[in-house]
Structures are given as C-alpha cells and as structure tokens.
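Trainee: FYI, in the working numbering the residues of the sequence shown are 1008 to 1318. Where is the CB? At the ideal position from N, CA and C, for every residue including glycine.
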Amino acid sequence: MTFPTGPDRVAAIDTMMGTKAGPAARRIYKDLMALKDQESKDMVFPAQYMFKDVPYSPDARGAGGDAGEAGEAGDDRPIPEGADLLLPAMDRNGVEYAMIGAGGEDSMARQLLTDHPDRFLASYEADPNDVMGTIRTIRRLHDEVNLRAVTFFPAGTNPQVPIDDPKMYALYAVCCELELPVFCCAGIPGPRLPFAPQRVELIDQVMYDFPELTFVTRHGCEPWQELMVKLMLKWPNLYYSTSAFSPRYYPKAIIDYANTRGADKVVYAGYFPMGLSLDRIFTELQDVPFKDEVWPKFLRHNAARVLRLDG
C-alpha cells in the first residue's frame, strides 16, 4: 500500500497532458463544443467550475509548484508554455513520458515531439463529424509523428456523436488497422453539455463489434464506475484511465478493481495543466490505497503496453 519513492520510484507515463496553460489554453476550446451558458464561455477551460486552484488561472490561489511559481493571483509574469511549462513539472514528479495532442495547428506540440522524442508521445483528437478528413489525418500523423493513440470527446463534438455512432465505427476501423488505441471520454461530461453520447453502456456494443480495438476510457465514467468494472471484466481490450480526477477522488470501485482482478486494466492519466498541477496529483497519489504490486502497472506498465512502447 506504499507509494513508490526513492530507489523504488517508477518512471511514470502520463496519458493526458496539455501544452499550454491559463488564458492561452482557452483557444484550444474555442468552437470545440456547443456551450450555451455564458459562464462556461468565460472559463479558462469548460469544466473549470469543478476544480480549485486551476494552474495559472487568473483566480489561482497559490497552489504551489506548477501553479504557484508564476500563476498566483496578481502575478503578471509570463506564463510558461511548451517545454518550459511541462518538463520541469515532469522531472520533479518522475514522469518520463507524456502523451500530448498533435493534431490541428498546434505547432507547439509538434515542436515538443521533434525536440524531445524521448519525453513526449503523439495523440490526435478525432472529429467524427468529418469522417474522411479525419481518416486521412490519422494516416498522415501515423507516418509523420509516430502517432500513438486517437482520442475522442463524444459529448464535446458539435454536433455530438455517440460512442457507438456509425461515424465513430469508421474511425475505430482505421484504429484497428493501424493498431492504434482509442482514448475516449465516458460518463457525465464536466462541461455543461448533454451526457447521452457518453453513456458507459454504449461501449459494450463497440467492444463486441471490434474485438481487436484497444479502448481506454477517460474522465471517470461517473456515475457508472461499477458498470465499467463489469465491462472490463468482460472485454480483454477495455481499460480505464484516471484523467481529470484528483487522486483523492478516484472511485472506490476502480481502486478495489485494481487491487483485485484489474491490476492490468487501470492506467494513470493526469490533467496538467488544464485543471490539476502535477505536484498536487503526485502528492495526493501517496494516499491512494493501491497494493504495492499495483503501482508499477498503474503508473507505467499498463500504459506502455497499451501504447506499444515495449517494442
């Protein structure tokens, strides 16, 4: 039950990390989703109302570490981005690799992948409303940047596209062909959007129709965590990642599953710099009651297997 430190420290793989923080990151969410309430439109990121001490946000309250060095309220120093933002936090907390989005016009992500191929892994946020354009992009990035995964936000596309929609099926097929895992948000979304496209039971039909597909959920699967455990027991290629959750709020059903039959199925993911600092995440991880043998799998080995980093 002891978090590995010192000589037992595990070189972690973070399967969700951004490249910009604070107001500079807001452009990433522009036109991404059909938000209607004004408060959401004014947030640094669309689920900000759910988080305290968001790194580098205008109302940061001195969260320390990643957030506090240049992000406290009233601090007008430039907010770091790219390698200057990510690498110090990663090094401080023992994160060897981070998966970042490399699609669209994010030249900063491309630069990180070029300058630090030993630290960053490429993913692509797919747009299922543009099936053929997205298929071409997946193939191109697979060749150009050694694409490691394709990510989906069903509730966040505009219009929304459910997990089991035919448009998604076309993209799942390409992922199977290229042996790319899918990381997909499931459960109630944080942004104020309808949740129906992300109902966890929709995954069941997908896994039945695509037995070769590696499918990793993001953002908690709430309130269907126990159903998610049942589905992971059922489907060998179905995984759960802890993105967007402070470790103190990891669902009990997921912790219990990792400590029993699911040690190989739960994957670490953070939420830096969108909503959580790495310092906060790794401080709170020390209180998560994983068994000793679970920690290396959770922090590294499961992600390495899913992302095919082991050769």
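With a threshold of 16 other CB atoms inside 10 Å of the CB of Ala1070, please say whether the residue is buried or exposed.
Mentor: In the sequence shown, counting from the first residue as 1, residue 1070 sits at position 63. For Ala1070, the predicted model reports a pLDDT of 41, less than 50, meaning its position is unreliable; a value from the coordinates is still stated below. Label assigned to Ala1070: buried.
Trainee: Using a Cβ-Cβ cut-off of 8 angstroms (strictly less than) and excluding sequence neighbours within five positions of Gly1078, which residues of its own chain qualify?
Mentor: The count along the sequence shown starts at 1 and reaches residue 1078 at position 71. Confidence at Gly1078 is low in this model, with a pLDDT of 46, below 50, so the placement of that residue should be treated as unreliable; the coordinate-derived value is given next. Around Gly1078: Ala1028, Gly1029, Pro1062, Tyr1063, Ser1064, Ala1067, Ala1070, Ile1086.
Trainee: Can you round the beta-carbon distance between Arg1084 and Asp1286 to whole angstroms, since I take them to be within the 8 angstroms contact cut?
Mentor: One-based indexing of the sequence shown puts residue 1084 at position 77. One-based indexing of the sequence shown puts residue 1286 at position 279. Not quite, the Cβ-Cβ distance comes to about 18 angstroms (not below 8 angstroms), so this is no contact.
Trainee: Thinking Gly1197 and Ala1054 are a contact (beta carbons under 8 angstroms), I'd like their distance in whole angstroms, please.
Mentor: For the purposes of this step, residue 1197 is taken as the residue at position 190 of the sequence shown. For the purposes of this step, residue 1054 is taken as the residue at position 47 of the sequence shown. Their Cβ separation, rounded to whole angstroms, is 3 angstroms, which keeps Gly1197 and Ala1054 in contact under 8 angstroms.
Trainee: Within 10 angstroms of the Cβ of Glu1300, are there 16 or more other Cβ atoms? Answer buried if so, exposed if not.
Mentor: Stepping through the sequence shown from its first residue, residue 1300 is reached at position 293. Exposed, since its Cβ has fewer than 16 Cβ neighbours within 10 Å.
Trainee: Below 8 angstroms between beta carbons: does that hold for Ser1248 and Ala1276?
Mentor: For the purposes of this step, residue 1248 is taken as the residue at position 241 of the sequence shown. For the purposes of this step, residue 1276 is taken as the residue at position 269 of the sequence shown. Yes.
Trainee: Answer with buried or exposed for Gly1269, where buried requires no fewer than 16 other C-beta atoms within 10 angstroms of its C-beta.
Mentor: Reading the sequence shown from its first residue, position 262 is the one you call residue 1269. Per the 10 Å Cβ criterion, buried.
Trainee: For Trp1231, which option in Pro1254, Arg1206, Lys1241 has the closest C-alpha, if you only look at C-alpha atoms?
Mentor: Looking up residue 1231 in the sequence shown gives position 224. For Trp1231, the nearest C-alpha among the options comes from Arg1206.
Trainee: Report buried or exposed for Lys1043, applying the criterion of at least 16 other Cβ atoms within 10 angstroms of its Cβ.
Mentor: Residue mapping note: residue 1043 aligns to position 36 of the sequence shown, counting from 1. So Lys1043 counts as exposed.
Trainee: Quick one: grab the DSSP three-state call for Ala1310.
Mentor: As a first step, residue 1310 is located in the sequence shown; it is residue number 303 there, counting from the start. Helix.
Trainee: Roughly how many whole angstroms lie between the Cα atoms of Phe1305 and Val1181?
Mentor: As a position in the sequence shown, residue 1305 is number 298, starting the count at 1. As a position in the sequence shown, residue 1181 is number 174, starting the count at 1. Roughly 27 angstroms separates the two Cα atoms.
Trainee: What residue ranges within the stretch 1213-1296 form continuous beta strand (DSSP E) runs of no fewer than 3 residues, ordered along the chain?
Mentor: Listed in chain order, the complete beta strand (DSSP E) runs (minimum 3 residues) inside the stretch 1213-1296 are 1222-1225, 1245-1248.
Trainee: Which value, in whole angstroms, describes the spacing of the CA atoms of Leu1245 and Thr1290?
Mentor: The residue given as residue 1245 occupies position 238 in the sequence shown. The residue given as residue 1290 occupies position 283 in the sequence shown. Looking at the two C-alpha atoms, the distance is approximately 28 angstroms.
Trainee: Report the rounded CA-to-CA distance for Val1223 versus Arg1255, giving the unit in angstroms.
Mentor: Sequence index remark: in the sequence shown, residue 1223 carries index 216 (1-based). Sequence index remark: in the sequence shown, residue 1255 carries index 248 (1-based). If you take the alpha carbons of Val1223 and Arg1255, they lie about 21 angstroms apart.
Trainee: Between the C-alpha atoms of Leu1156 and Thr1221, what's the straight-line distance to the nearest angstrom?
Mentor: For the purposes of this step, residue 1156 is taken as residue 149 along the sequence shown, with counting starting at 1. For the purposes of this step, residue 1221 is taken as residue 214 along the sequence shown, with counting starting at 1. Note on residue identity: the sequence assigns Ala, not Leu, to residue 1156. Each residue's alpha carbon lies about 10 angstroms from the other.
Trainee: Does DSSP put Leu1187 in a helix, in a strand, or in coil?
Mentor: Translated into positions along the sequence shown, residue 1187 becomes position 180. Residue state, collapsed to three classes: coil.
Trainee: In this structure, how does DSSP classify Met1115 when only helix, strand and coil are distinguished?
Mentor: Position 108 of the sequence shown holds residue 1115. Met1115: helix per DSSP, three-state reduction.
Trainee: In chain order, what residues of the same chain have a beta carbon less than 6 angstroms from the beta carbon of His1008, not counting five sequence neighbours either side?
Mentor: Position 1 of the sequence shown, counted from the start, is the residue given in the question as residue 1008. It is Met, not His, that sits at residue 1008 in the sequence shown. If we look at Met1008 and ignore the five residues flanking it on each side, its Cβ neighbours are Pro1296.
Trainee: Can you give me the C-alpha to C-alpha distance between Ala1133 and Phe1159, rounded to a whole angstrom?
Mentor: By 1-based counting over the sequence shown, the position of residue 1133 is 126. By 1-based counting over the sequence shown, the position of residue 1159 is 152. Approximately 6 angstroms, taken between the alpha carbons.
Trainee: For the alpha helix (DSSP H) holding Met1023, just list the boundary residues, first then last.
Mentor: Residue 1023 sits at position 16 when you count from the first residue of the sequence shown. Note, Met1023: premise wrong, no alpha helix (DSSP H); not H, not E.
Trainee: When the Cα atoms are used, what is the spatial distance from Met1122 to Ala1162?
Mentor: The sequence position of residue 1122 within the sequence shown is 115, counting from 1. The sequence position of residue 1162 within the sequence shown is 155, counting from 1. The question names Met, yet the displayed sequence has Asp at residue 1122. Taking the straight line joining both Cα atoms gives about 33 angstroms.
Trainee: What is the DSSP secondary structure of Leu1128, reduced to helix, strand or coil?
Mentor: As a working mapping, residue 1128 is identified with position 121 in the sequence shown. Of the three classes helix, strand and coil, the one that applies to Leu1128 here is strand, per DSSP.
Trainee: To the nearest angstrom, how far is it from the Cα of Pro1188 to the Cα of Lys1059?
Mentor: As a first step, residue 1188 must be located in the sequence shown, where it is residue number 181. As a first step, residue 1059 must be located in the sequence shown, where it is residue number 52. So the alpha carbons of these two residues sit roughly 31 angstroms apart.
Trainee: Taking 7 angstroms as the limit between beta carbons, can you name the residues of its chain near Ala1116, skipping five residues before and five after?
Mentor: Within the sequence shown, the letter at position 109 stands for residue 1116. Excluding residues within five positions, the ones whose Cβ falls inside 7 angstroms are Thr1026, Ile1107, Gly1108, Ala1109.
Trainee: Could you tell me how far apart the beta carbons of Ala1170 and Ile1210 are, in whole angstroms, since I believe they sit closer than 8 angstroms?
Mentor: Residue mapping note: residue 1170 aligns to position 163 of the sequence shown, counting from 1. Residue mapping note: residue 1210 aligns to position 203 of the sequence shown, counting from 1. In the sequence under discussion, the amino acid at residue 1170 is Ile, which differs from the Ala named in the question. Rounded, the Cβ-Cβ distance is 6 angstroms, consistent with contact.
Trainee: Using the three-state DSSP reduction, which class does Tyr1063 fall into: helix, strand or coil?
Mentor: Mapped onto the sequence shown, residue 1063 falls at position 56. Of the three classes helix, strand and coil, the one that applies to Tyr1063 here is coil, per DSSP.
Trainee: Apart from the five residues on each side of it in sequence, which residues of its chain come closer than 7 angstroms, Cβ to Cβ, to Gln1212?
Mentor: Along the sequence shown, one-based indexing puts residue 1212 at 205. Correct list, in chain order: Asp1171.
Trainee: Taking just the CA atoms, how far does Ala1129 sit from Leu1120?
Mentor: Taking the first residue of the sequence shown as position 1, residue 1120 is located at position 113. Taking the first residue of the sequence shown as position 1, residue 1129 is located at position 122. Near 7 angstroms, if we compare the C-alpha coordinates of Ala1129 and Leu1120.
Trainee: Can you tell me where the alpha helix (DSSP H) holding Val1138 begins and where it ends?
Mentor: One-based indexing of the sequence shown puts residue 1138 at position 131. Run containing Val1138: 1138-1151, per the alpha helix (DSSP H) assignment.
Trainee: Figure out for me which residue from Val1313, Met1175, Lys1272, Gly1101 has the closest Cα to the Cα of Lys1237.
Mentor: Within the sequence shown, the letter at position 230 stands for residue 1237. It is Lys1272.
Trainee: Where does Leu1185 land, buried or exposed, given buried means 16+ other C-beta within 10 angstroms?
Mentor: The sequence position of residue 1185 within the sequence shown is 178, counting from 1. By the 10 Å Cβ count, Leu1185 comes out exposed.
Trainee: Which residue marks the beginning of the beta strand (DSSP E) containing Glu1088, and which one marks its end?
Mentor: Taking the sequence shown and counting its residues from 1, the one referred to as residue 1088 is at position 81. Where Glu1088 is concerned, there is no enclosing beta strand (DSSP E), given that its DSSP letter is neither H nor E.
Trainee: Can you tell me whether Phe1305 is helix, strand or coil according to DSSP?
Mentor: Here residue 1305 refers to the residue found at position 298 when the sequence shown is read from its first residue. Three-state result, Phe1305: helix.
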